[in-house]
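**Q** Numbering (the working numbering), first residue to last: 8 to 209. Glycine included, every Cβ here is placed at the ideal spot set by N, Cα and C. Note that the coordinates shown come from a computational prediction; the quantities given were computed from them, not determined experimentally.
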């Protein structure tokens, strides 16, 4: 074997090694970013679960007040049940499936709306507004809603980091080679009608 053939062989081996290292590095980076999305999704689920756990006590407290609108707390209970019925097989499944993700978000947004209506209705009941147990639950619920907003924002940020890396060149080629494993991640969207400013009446 002459020197030219040996030089070509070495060049081919070097190219294969460099390409292999590039593919491995890109794969590992996508795995790390995907794990970050899954971890943040778990945080979103944790705060939603915290809210769901507060609701039975909240409903029990308002039910104890005479003449409180039954339909209001029934709506909250039903919305909580519907939100709990949205099954998530795995974080990878829901964060990479826009339809399942939208269904999950819609159920949680429905529960948010029902809770908001309940808290507005409470304004008509001074005895509830003076109830220490209710005030504590209301405070915990408000804190949880703030946590939900923060965790959703953080989830969107980690999903954006994954999607940006996945769509960049040449990562998009490598991600495509692995098929379903590195599908783009879905984002939380604002609730329908959130883009409209609320009407304030004096």
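Where residue 135 and residue 191 are concerned, what is the direct C-alpha to C-alpha distance, given to the nearest angstrom?
**A** Answer to the nearest angstrom: the Cα atoms are 46 Å apart.
**Q** Just the Cα atoms here: how many angstroms apart are residue 81 and residue 149?
**A** Going from the Cα of residue 81 to the Cα of residue 149 covers about 20 Å.
**Q** Among 65, 49, 180 and 151, which residue has its Cα nearest to the Cα of residue 29?
**A** Looking at the Cα atoms, 180 is the closest of the given residues.
**Q** Is the Cβ-Cβ distance between residue 68 and residue 140 less than 7 Å?
**A** A contact, by the Cβ cut-off of 7 Å.
**Q** Would you kindly check if the distance between the Cβ of residue 159 and the Cβ of residue 195 is under 7 Å?
**A** In contact: residue 195 and residue 159 (Cβ atoms closer than 7 Å).
**Q** DSSP on residue 204, reduced to helix/strand/coil?
**A** Only weak support exists for where residue 204 lies, its pLDDT of 41 falling under 50; the value from the coordinates is given anyway. Residue 204 falls in the coil class under three-state DSSP.
**Q** Between residue 4 and residue 93, which are expected to be in contact by the criterion C-beta below 8 Å, what is the C-beta distance as a whole number of angstroms?
**A** Absent from the model: residue 4. The displayed extent of the chain is 8 to 209, so no value can be given.
**Q** Residue 177 lies in the alpha helix (DSSP H); which residues open and close that run?
**A** Per DSSP, residue 177 belongs to no alpha helix (DSSP H) and is neither H nor E.
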